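Trainee: This is the structure I want to talk about, given as structure tokens.
There are 2 protein chains.
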Amino acid sequence: MVKISDISKLCGVSPATVSKALNGASDISQETAKRVRETAAKLGYLPNASARALKLGRSYNIGVLFSDTTGGGISHEYFSRILDSVKVEAERLGYDITFISKDLGKRSMDYYQHAKYRSCDGVIIASANFQDPAIIRLATSEIPTVTLDYTFDSRTSILSDNAQGMESLVRFVYDKGHRKIAFLHGEMTSVTQKRLASFKKTCAALGLEIPAEFIRPAIYHDPRTSGLQTRALMALSIRPTCIIYPDDLSFLGGMSELERHGLSIPDDISVVGYDGIPLSQVLRPRLTTYRQAGEKMGTEAARLLIEQIEQPEIWLPQQITVTGELLPGDTVRSIG
Amino acid sequence: MVKISDISKLCGVSPATVSKALNGASDISQETAKRVRETAAKLGYLPNASARALKLGRSYNIGVLFSDTTGGGISHEYFSRILDSVKVEAERLGYDITFISKDLGKRSMDYYQHAKYRSCDGVIIASANFQDPAIIRLATSEIPTVTLDYTFDSRTSILSDNAQGMESLVRFVYDKGHRKIAFLHGEMTSVTQKRLASFKKTCAALGLEIPAEFIRPAIYHDPRTSGLQTRALMALSIRPTCIIYPDDLSFLGGMSELERHGLSIPDDISVVGYDGIPLSQVLRPRLTTYRQAGEKMGTEAARLLIEQIEQPEIWLPQQITVTGELLPGDTVRSIG
DNA sequence: ACGCATCGCTTAATCGATTAAGTAAAGTAT
DNA sequence: ATACTTTACTTAATCGATTAAGCGATGCGT
Numbered sequence: 140m141v142k143i144s145d146i147s148k149l150c151g152v153s154p155a156t157v158s159k160a161l162n163g164a165s166d167i168s169q170e171t172a173k174r175v176r177e178t179a180a181k182l183g184y185l186p187n188a189s190a191r192a193l194k195l196g197r198s199y200n201i202g203v204l205f206s207d208t209t210g211g212g213i214s215h216e217y218f219s220r221i222l223d224s225v226k227v228e229a230e231r232l233g234y235d236i237t238f239i240s241k242d243l244g245k246r247s248m249d250y251y252q253h254a255k256y257r258s259c260d261g262v263i264i265a266s267a268n269f270q271d272p273a274i275i276r277l278a279t280s281e282i283p284t285v286t287l288d289y290t291f292d293s294r295t296s297i298l299s300d301n302a303q304g305m306e307s308l309v310r311f312v313y314d315k316g317h318r319k320i321a322f323l324h325g326e327m328t329s330v331t332q333k334r335l336a337s338f339k340k341t342c343a344a345l346g347l348e349i350p351a352e353f354i355r356p357a358i359y360h361d362p363r364t365s366g367l368q369t370r371a372l373m374a375l376s377i378r379p380t381c382i383i384y385p386d387d388l389s390f391l392g393g394m395s396e397l398e399r400h401g402l403s404i405p406d407d408i409s410v411v412g413y414d415g416i417p418l419s420q421v422l423r424p425r426l427t428t429y430r431q432a433g434e435k436m437g438t439e440a441a442r443l444l445i446e447q448i449e450q451p452e453i454w455l456p457q458q459i460t461v462t463g464e465l466l467p468g469d470t471v472r473s474i475g
Numbered sequence: 140m141v142k143i144s145d146i147s148k149l150c151g152v153s154p155a156t157v158s159k160a161l162n163g164a165s166d167i168s169q170e171t172a173k174r175v176r177e178t179a180a181k182l183g184y185l186p187n188a189s190a191r192a193l194k195l196g197r198s199y200n201i202g203v204l205f206s207d208t209t210g211g212g213i214s215h216e217y218f219s220r221i222l223d224s225v226k227v228e229a230e231r232l233g234y235d236i237t238f239i240s241k242d243l244g245k246r247s248m249d250y251y252q253h254a255k256y257r258s259c260d261g262v263i264i265a266s267a268n269f270q271d272p273a274i275i276r277l278a279t280s281e282i283p284t285v286t287l288d289y290t291f292d293s294r295t296s297i298l299s300d301n302a303q304g305m306e307s308l309v310r311f312v313y314d315k316g317h318r319k320i321a322f323l324h325g326e327m328t329s330v331t332q333k334r335l336a337s338f339k340k341t342c343a344a345l346g347l348e349i350p351a352e353f354i355r356p357a358i359y360h361d362p363r364t365s366g367l368q369t370r371a372l373m374a375l376s377i378r379p380t381c382i383i384y385p386d387d388l389s390f391l392g393g394m395s396e397l398e399r400h401g402l403s404i405p406d407d408i409s410v411v412g413y414d415g416i417p418l419s420q421v422l423r424p425r426l427t428t429y430r431q432a433g434e435k436m437g438t439e440a441a442r443l444l445i446e447q448i449e450q451p452e453i454w455l456p457q458q459i460t461v462t463g464e465l466l467p468g469d470t471v472r473s474i475g
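Protein chains in written order, with the working numbering: chain R, 140 to 475; chain Z, 140 to 475.
Here you go:
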């Protein structure tokens, strides 16, 4: 690899001059700077990232954390969209991304240590158990962090607008005439709490009394559980006319269960998903769902993290709420 | 951060001794080594990856390349499964992974330069246009590489067994009595060529004459195009009794088109997918498809790449073919 | 013409870890 | 007792880039 000293020899100046010329320092003459730049380009010079990181204490590398425990958060469409947009935006701003995990080979370390080890300039925490002490340690450390869908004190976070999303779904369904609305919710994370609170609040605002047995726990992205809960709903003496699923994939579990009962969507029962994965719009009937703006969240996360890294003096913690959009689909029937 | 010199002071030895003790050099006494290790553990010492990389010329970091051009290869389930398993295996062996792309911020570079810049010890090329000169440069450079679903001369590659996959699907369909089998194929990559060749060969071996208009081009993961081609198939005077789609998602585009024609699956027409994404097994009827063993491919890719990095002297290029499994599903009807 | 600032460059230290070469002390052989 | 090994360290150079400090040479003001 070409290094600074190669350029310096060819140009007849010291390595220091080359470094300064390439970094646009002020005490280098126009001509020298030009000559150095041209020589560097001719030789195909690229700085050695490790040497820079060592000297500067800055790696131009940001960590991305997808918790191991959720088992491949990456493969969920929502998260892969986030990851992809984080990657694009980070690269646009000159940063690479590296995955942060617990344990690296024989070395056992926590997330904080891993980030330090790789001298990450910052970390985006995308999908994690925010109660995990290792996550808390990282998010309360001196390393700049941005969390997605969760807020730590005095930290920047990007939030999908779960309250608005749920409210718009409930209102959409209500406007179609539905009054008996069931809600299968995911595990009790902060996201779920927001959706559940918004569900209850919106129903109350609309004057709906939702029986307790219409609100049932399921598991995100688990069609089996939502299938079971769908069956439970169908066994009630008073059935809901519309079911809100925790997410689009869970709906699919429910769908097969509904078919088994000989119910067709939306004629016999209306359904609503959450996430707006591409698939949901390819299915017939198109699923009524709320599309979270994953790309925008990823882009914002990367942008704000890098802003914090590069201008710590003007940085202030922010909570950005990103609004998605309701995809009307065809799975909610107009009734009564 | 704790560094070697901190430990050396506490232990009353030189930094060199500490380094050697931690790396298990032979010229360190048992007691000193123990004392050093204990002090290191107590202080929570972690080596500085940049300093190590600079000195050793090894970064314990491998690049993963998902071509930008395909537009978020990451978000396809098959690739995210590969990525996830690469990550897991690489971490198990003590390596981090970083995404490799063209252009980083203002610096414009090709993949090879990017990998050099980050001093990646090796690169896994997962989803890319293998005709791209930048990809070819990387794959023919001195950097160890492993490619997925494509083979470069004298290089290691991991191949999904497309021939076997297609053959098993055709035979499965044939055994159910189908003789008029249509095949929508994806863009003409080497993968597609293998599937197409296998399709033709298997049909020939079974004595089937497939009319040219039964073999039609579509686009991977694009339900719209497969919908159009499905319509074209339905407009033929002699219709196929079974359609093999380029992938599971494309099938969904076909599905809605078939429904529009009032055809139900599998009673009126049989269909087959490819990939075996989880969704395909949640749908009712369950899709008959071929599940590519993405996890195994990713694991093998990481393992072989790291083997090549760590033991270049015993390394020989290999082409590993990973076989998936046919998921019988319920979308192929027994006929005749 | 003398002092002083400015410009443009070089020198040398530094980031943290590794390792070849060197060395002091103890052990072994003759 | 002398010469040679072996053991267990230390010294110092090195990886490549950055940057504070230094230093001649020129320009400027009075």
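All residues carry an ideal CB built from backbone N, CA and C; glycine is no exception. A quick note: this is a predicted structure, and the numbers were derived from the prediction, not measured.
How would you label Gln431/R, buried or exposed, when you count the other beta carbons within 10 angstroms and need 16 or more for buried?
Mentor: buried
Trainee: For a cutoff of 8 Å on Cβ pairs, would you count Pro362/Z as touching chain R?
Mentor: Residue-level contact check: Pro362/Z touches chain R, since one or more beta carbons of chain R fall below 8 Å from its beta carbon.
Trainee: Using a Cβ-Cβ cut-off of 8 Å, state whether Asp260/Z counts as contacting chain R.
Mentor: no
Trainee: Just to confirm the assignment, what range does the alpha helix (DSSP H) spanning Asp145/Z have?
Mentor: 143-150
Trainee: Quick check on Tyr234/Z: does DSSP put it in helix, strand or coil?
Mentor: coil
Trainee: Give the residues of chain R in contact with Gln252/Z, contact being defined as C-beta atoms less than 8 Å apart.
Mentor: Residues of chain R whose Cβ lies closer than 8 Å to the Cβ of Gln252/Z are, in chain order, Gly183, Leu185.
Trainee: Could you pull out every residue in the same chain whose Cβ sits closer than 6 Å to the Cβ of Gly437/R, ignoring the five residues on either side in sequence?
Mentor: Ile221, Ser224, Val225
Trainee: So if I threshold CB-CB distances at 8 Å, which residues from the stretch 230-245 of chain Z count as touching chain R?
Mentor: Glu230, Arg231, Leu232, Gly233, Tyr234, Asp235, Ile236, Thr237, Phe238, Ser240, Asp242, Leu243, Gly244, Lys245
Trainee: Is the CB of Leu161/Z under 8 Å away from at least one CB in chain R?
Mentor: no
Trainee: Could you give the first and the last residue of the continuous alpha helix (DSSP H) run that contains Val309/Z?
Mentor: 301-314
Trainee: At a CB distance below 8 Å, what residues from the stretch 151-177 of chain Z approach chain R? Give them in sequence order.
Mentor: none
Trainee: Give the interface partners of Tyr359/R over in chain Z, defined as CB-CB distance under 9 Å, in chain order.
Mentor: None at all; the shortest Cβ gap to chain Z is about 13 Å.
Trainee: Find out if the Cβ-Cβ distance for the pair Ser189/R, Ser189/Z is shorter than 8 Å.
Mentor: yes
Trainee: Rounded to the nearest angstrom, what separates Arg294/Z and Ile354/Z at their Cα positions?
Mentor: 33 Å
Trainee: Would you check if the distance between the CB atom of Tyr289/R and the CB atom of Gly325/R is smaller than 8 Å?
Mentor: no
Trainee: Could you say which of Leu444/R, Pro417/R, Ser299/R lies nearest to Ile453/R if we only look at CA atoms?
Mentor: Leu444/R
Trainee: If we call anything under 8 Å between Cβ atoms a contact, is Val471/Z one with Thr427/Z?
Mentor: yes
Trainee: Give the list of continuous alpha helix (DSSP H) stretches no shorter than 4 residues that lie fully inside the stretch 420-471 of chain R.
Mentor: 433-449
Trainee: So Arg257/Z contacts chain R; which residues on that side make the cut at Cβ distance below 7 Å?
Mentor: Ala188, Asp235
Trainee: Quick one: measure Cβ to Cβ for Leu323/Z and Ser365/Z, integer angstroms, because I've assumed they're closer than 8 Å.
Mentor: 6 Å
Trainee: As a quick exercise: from Ile282/R, Ala179/R, Asp260/R, Gly433/R, pick the residue whose alpha carbon is nearest that of Phe218/R.
Mentor: Gly433/R
Trainee: Below 9 Å on C-beta distance, what does Arg318/R contact in chain Z?
Mentor: Here the premise fails: no neighbours, minimum Cβ distance about 29 Å.
Trainee: Identify the residues that DSSP records as bridge partners of Arg246/Z: which are they?
Mentor: Leu243/Z
Trainee: Go ahead and label Pro379/Z buried or exposed: buried means 16 or more other beta carbons lie within 10 angstroms of its beta carbon, across all protein chains shown.
Mentor: Residue burial annotation: Pro379/Z is buried, with at least 16 other C-beta atoms found within 10 angstroms of its C-beta.
Trainee: Kindly say whether Glu449/R, judged by its beta-carbon, lies nearer than 8 Å to any beta-carbon of chain Z.
Mentor: no
Trainee: What is the DSSP secondary structure of Gly210/R, counted as helix, strand or coil?
Mentor: Note that Gly210/R scores a pLDDT of 47, beneath 50, so its modelled location is shaky and nothing firm can be said.
Trainee: If I measure Cβ to Cβ from Pro456/Z and keep anything under 6 Å in the same chain, skipping five residues before and after, which residues do I get?
Mentor: Ser293, Arg294, Thr295
Trainee: Within the 8 Å Cβ cut-off, does Thr208/R reach chain Z?
Mentor: Here Thr208/R scores only 48 on pLDDT, less than 50, and its place in the model should not be relied on; the value that follows carries that caveat. Cβ-Cβ to chain Z under 8 Å: no for Thr208/R.
Trainee: Judging by CA-CA distance, which residue of Ser206/Z, Ser299/Z, Pro283/Z is the nearest neighbour of Pro272/Z?
Mentor: Ser206/Z
Trainee: Name the chain R residues that come within less than 9 Å of Gly535/Z, Cβ to Cβ?
Mentor: The question about residue 535/Z has no answer here: the residues shown for chain Z are numbered 140 through 475.
Trainee: Quick one: what's got a C-beta closer than 6 Å to Leu149/R's C-beta in the same chain, skipping five residues either side?
Mentor: So the qualifying residues of the chain are Thr178.
Trainee: Listed from N- to C-terminal order along the chain, which residues in the stretch 364-380 of chain R have their beta-carbon within a distance smaller than 8 Å of any beta-carbon of chain Z?
Mentor: none
Trainee: Comparing C-alpha positions only, which one of Asp249/R, Met140/R, Met373/R, Lys435/R sits nearest to Lys319/R?
Mentor: Met373/R
Trainee: Tell me whether Ser219/R sits in a helix, a strand or coil according to DSSP, three-state version.
Mentor: helix
Trainee: If you measure from the beta carbon of Ser266/R to each beta carbon in chain Z, is any gap under 8 Å?
Mentor: Interface with chain Z (8 Å Cβ-Cβ cutoff): Ser266/R is excluded.
Trainee: In angstroms with no decimal places, state the Cα-to-Cα distance between Arg246/R and Ser299/R.
Mentor: 35 Å
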